[in-house]
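These notes concern the structure reproduced below.
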Amino acid sequence: MKIKGIKRGKIIELSEELNIPDSTEIVIDIEIAQSISHQERLKTMQDFLSNNRESREDFVKTMEELQREENLEWERLYGQYS
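Count along the sequence shown from 1, then add 847; that gives the number in our numbering.
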């Protein structure tokens, strides 16, 4: 299992819920994730949006499909999506 987290003092805050009981002893293999700066992230997004039209169209189609799936799940759980 691989999960991300953020170290805060002696606590590691996990990015998602684990399905294990509290106080369960676990072993953690530490791998430092390489973060990019805000400027690098912005430049990457600008490059993506200004170039490669085919990738952009594929991205938009993927996001639309994810939204449709989310709407269907909402309707399944709660009734009509508004």
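Glycine residues also receive a C-beta, built at the ideal position from the N, C-alpha and C atoms.
Counting along the chain, where does the beta strand (DSSP E) carrying residue i start and finish?
{"i": "K854", "result": "852-855"}
{"i": "L861", "result": "858-861"}
State the Cα-Cα distance for the pair residue i and residue j, rounded to the nearest angstrom.
{"i": "F895", "j": "T871", "result": "43 Å"}
{"i": "D905", "j": "H885", "result": "25 Å"}
{"i": "P868", "j": "R900", "result": "47 Å"}
{"i": "R855", "j": "L919", "result": "38 Å"}
{"i": "A880", "j": "I853", "result": "10 Å"}
Among the options, which residue has its Cα nearest to the Cα of residue i?
{"i": "K802", "options": "E863, S897, R888", "result": "In this structure the chain extends from 848 to 929, so residue 802 is not present and cannot be described."}
{"i": "I858", "options": "I875, M848, I867, K890", "result": "I875"}
Start and end of the alpha helix (DSSP H) containing residue i?
{"i": "S897", "result": "885-897"}
{"i": "N918", "result": "900-925"}
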